[in-house]
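K.L.:
Residue numbers (my numbering): 94 to 143. I'd like to ask you about the structure that follows.
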Amino acid sequence: GNPGIADKIRSGKVAAAGALVGAVMKATRGQADAARVKELILEKLGVSEG
Numbered sequence: 094g095n096p097g098i099a100d101k102i103r104s105g106k107v108a109a110a111g112a113l114v115g116a117v118m119k120a121t122r123g124q125a126d127a128a129r130v131k132e133l134i135l136e137k138l139g140v141s142e143g
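Structural data, given as structure tokens:
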């Protein structure tokens, strides 16, 4: 786990979500939809882009 990333994203550093997206893509061997994964992460953390 990496709780620090979640805190960074919550504090407005949406780019930090990229690290989590990367981890998901690696875990799914590139099968996941990166844009959708990022959307879900931000949704889960209650953060909106822009």
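Cβ coordinates follow ideal geometry from the N, Cα and C atoms, glycine included. For clarity, every value in this text was computed on a predicted model and none was experimentally measured.
Is the beta carbon of Arg99 sitting closer than 9 Å to the one on Leu138?
P.N.:
Here residue 99 is Ala; the residue named in the question, Arg, does not match the sequence. Yes; because the gap between Cβ atoms is below 9 Å, this pair is in contact.
K.L.:
Given that a residue counts as buried once 16 or more other Cβ atoms are within 10 Å of its Cβ, and exposed if not, what is Ala110?
P.N.:
Buried: at least 16 other Cβ atoms inside 10 Å.
K.L.:
In angstroms, rounded to a whole number, what distance separates the CA positions of Thr121 and Leu135?
P.N.:
Roughly 19 Å separates the two Cα atoms.
K.L.:
Along the chain, where does the alpha helix (DSSP H) that runs through Lys119 open and close?
P.N.:
Per DSSP, Lys119 belongs to the alpha helix (DSSP H) from Ala110 to Ala120.
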